[in-house]
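**Student:**
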Amino acid sequence: MSMKLKGIGASNGIAVAKVYVLDEQPIVIPQENTTDVEKELANVSASIEKAKTDLVNLQKIALEKLGEEKAAIFEAHASILEDPAMSEEFTALIKEQNYNGAKAIDEVATKYIEMFGAMDDDYFRERAADVKDVTERLMRYVLGLPVADLATINEEVIIVAEDLTPSQTAQLNPLFVKGFACNIGGRTSHAAIMARSLEIPAVLGLKTIVHSVKENDILAMDGLTGEVEINPANKDEWTKKAEKFKQEQAELEKFKTLPTVTKDGFDKFILEGNIGSPKDVAAVLENGGEGVGLFRSEFLYMDNDHFPTEDEQFEAYKKVVSDMNGKVTIIRTLDIGGDKKLSYFEFPEEMNPFLGYRAIRFTLDRKDIFRDQIRALLRASAFGPIGIMFPMIATVDEFKAAKQFTLDCKVELEKEGVKVGADLEIGMMVEIPAAAVNAENFAKHADFFSVGTNDLIQYSMAADRMSEHVTYLYQPYNPSILRLLKLTIDGAHKHGKWAGMCGEMAGEPEAVPLLMGLGLDAYSMSATSIPQARSIMSKLTLEETQTLAAKALECETSDEVLALVNDLMKNK
1 MSMKLKGIGA SNGIAVAKVY VLDEQPIVIP QENTTDVEKE LANVSASIEK AKTDLVNLQK
61 IALEKLGEEK AAIFEAHASI LEDPAMSEEF TALIKEQNYN GAKAIDEVAT KYIEMFGAMD
121 DDYFRERAAD VKDVTERLMR YVLGLPVADL ATINEEVIIV AEDLTPSQTA QLNPLFVKGF
181 ACNIGGRTSH AAIMARSLEI PAVLGLKTIV HSVKENDILA MDGLTGEVEI NPANKDEWTK
241 KAEKFKQEQA ELEKFKTLPT VTKDGFDKFI LEGNIGSPKD VAAVLENGGE GVGLFRSEFL
301 YMDNDHFPTE DEQFEAYKKV VSDMNGKVTI IRTLDIGGDK KLSYFEFPEE MNPFLGYRAI
361 RFTLDRKDIF RDQIRALLRA SAFGPIGIMF PMIATVDEFK AAKQFTLDCK VELEKEGVKV
421 GADLEIGMMV EIPAAAVNAE NFAKHADFFS VGTNDLIQYS MAADRMSEHV TYLYQPYNPS
481 ILRLLKLTID GAHKHGKWAG MCGEMAGEPE AVPLLMGLGL DAYSMSATSI PQARSIMSKL
541 TLEETQTLAA KALECETSDE VLALVNDLMK NK
């Protein structure tokens, strides 16, 4: 009997194939203490070696199939496995409290998973999935349980599972695995990101799919809309949809190399990529990115056991700037605090850390830490055009203080005979409504603006987007948000400055026509979204997007705005 389910479309594509249920033996953590500490430590040590061997092999597979950027995930996994802080913690539990190995690893892993999982930034929240993936593999070896090998699948299937880890996703052969559908997960999970690289459709967050299917059922799925049908009533219709999608993808491929130009010849919009580490540059260039619109510098701090030195930071920034080969790189200064913690620094306890001591408020207070970063950024600017971008700016005085500190560091370096690049811009994130409303005054001092939509939306709507009870208030297309965007863009243009966006919204197909009409100059997004954004721009004239934006600003609700966009795009 046919049955329909709705989940989150996480990787675009249409697939119809037989079900393969990934039914792993569950990990049951024994609670009894060990009677032989040395034997327990030896078992854990041997299991770490087995897991390391796996990760080396997975990295080779990923490098071959997915490229350097995705293979780097397994380097990160290896660093988790070898993390001295975690290792010391579970070794201490075994030695001092006679924990068995699996229980010790589980307790330490749970602490880190909860810490990362509570973070608001999608990029860092995925570290929770990384820790879970690595430690579950390790516990399976400690307990003598089998580790799934999906590389051996040799017939066309759609995998159905509770969840898929990055290491499982990397093993998938797109020749046979036509898609996967999971009970949990979302668009920003590593599994989803890797599925997009493999061009395998994925639907996540289905909640009950594992219990709704059985072996040899036929599954049809749409990785864009999140629709899944078990034993579809009209299989031919799904097959036709799959063929149409293939043709559309072939069409999009050419937009990786075409210039960014509208239907009426306007060619001043810039499409860029967001990155979290130097290894992500390859994907930006591969997808036709015209720059890096957001380099999150936090990875240098969070993947460390100390505040990174000036030289350590300089090497990372220099690599990205050099690899971008003359294209601009916008680097956000340390955006730490709130939900992003450091293992080696204790932030003060606050009632509401999201509105507290974080980002620019922390770095302006701790100029010793700020100086190392700013000097490293200025030194890297000698190797190509850089934009230094301050996060969480609320007042003009804050921005002026951060800019002056940067200029003072520049003078300091030049006195030391160190070269600083001429193509240096100093700008700011617009995340706080006060900054958007006052954009015209900020633009007298800032070289550029970049809108961080996730924070701008949650601060404007007074709604934590991590709270499932108020997710309905996360409304990027609400007219109030569009008006704040217009104030920001108009404020920048009044003083001859450019305005960009580096939040998720910049690459959303529904948002692109609106942002064009509002006059946004630079659009920074996940690398794989760039060709689609360029394709959308090529189908629209400036005039029709400006008319759309003007009408949208007069709307009362998000739904009304989206109806206008859909109406414009339906015949494109």
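Read left to right, the sequence shown gives residues 1 to 572 (full-length UniProt numbering). Cβ coordinates follow ideal geometry from the N, Cα and C atoms, glycine included.
#1: Short check: CB of THR488 to CB of ALA527, under 8 Å?
#2: Taking only the alpha-carbon atoms, compute the straight-line gap between THR165 and VAL210 and give it to the nearest angstrom.
#3: On the CB-based measure, 16 or more other CB atoms within 10 Å of its CB, does GLU290 come out buried or exposed?
#4: Taking 8 Å as the cut-off, does the stretch 504-522 touch the stretch 225-235 (at least 3 CB pairs, one atom from each stretch)?
#5: Below 6 Å CB to CB, which residues in the same chain sit around LYS207 once its five sequence neighbours on both sides are set aside?
#6: Counting only runs of 4+ residues fully inside the stretch 103-178, write out the alpha helix (DSSP H) ranges in chain order.
#7: Following the continuous beta strand (DSSP E) through ARG296, name the residue where it begins and the one where it ends.
#8: Buried or exposed for TYR344, please, with buried defined as at least 16 other CB atoms from any protein chain shown within 10 angstroms of its CB.
#9: Smallest Cα separation from ASN441: which of GLY496, GLY452, ASN478?
#10: Start and end of the alpha helix (DSSP H) containing SER2?
#11: Report buried or exposed for GLY223, applying the criterion of at least 16 other Cβ atoms within 10 angstroms of its Cβ.
#12: Between LYS244, GLU272, ALA563, ILE73, which has its C-alpha nearest LEU520's C-alpha?
#13: Identify, in the order they occur along the chain, each residue of the same chain with its Cβ nearer than 6 Å to the Cβ of LEU22, setting aside the five sequence neighbours on each side.
#14: Just mark GLU38 as buried or exposed, buried being the case when its beta carbon has 16 or more other beta carbons within 10 Å.
#15: Determine the contact status of THR453 and MET505, defining contact as a CB-CB distance below 8 Å.
#16: May I ask which residues mark the beginning and end of the alpha helix (DSSP H) holding PHE405?
#17: Contact between the stretch 266-285 and the stretch 316-336: three or more CB pairs below 8 Å?
#18: Taking C-beta to C-beta, are TYR474 and ALA463 nearer than 8 Å?
#19: Beta carbon of THR262, beta carbon of THR541: below 8 Å?
#20: Taking the alpha carbon of MET1 as the reference point, which residue from GLU227, ASN173, LYS341, SER212 has its own alpha carbon closest?
#21: For the stretch 408-415 against the stretch 346-357, are there 3 or more C-beta pairs whose distance is under 8 Å?
#22: Buried or exposed: where does GLY101 fall if 16 or more other Cβ atoms within 10 Å of its Cβ makes it buried?
#23: With 16 as the cutoff for other CB atoms within 10 Å, does GLN313 come out buried or exposed?
#24: Reducing DSSP to helix, strand and coil, say where GLY387 ends up.
**Tutor:** Reading it off the structure:
#1: no
#2: 16 Å
#3: buried
#4: no
#5: ASN183
#6: 122-143, 166-170
#7: 291-296
#8: exposed
#9: GLY496
#10: SER2 -> no alpha helix (DSSP H), and no H or E assigned at all.
#11: buried
#12: GLU272
#13: ILE159, ALA161
#14: exposed
#15: yes
#16: 396-415
#17: yes
#18: yes
#19: yes
#20: SER212
#21: no
#22: buried
#23: buried
#24: strand
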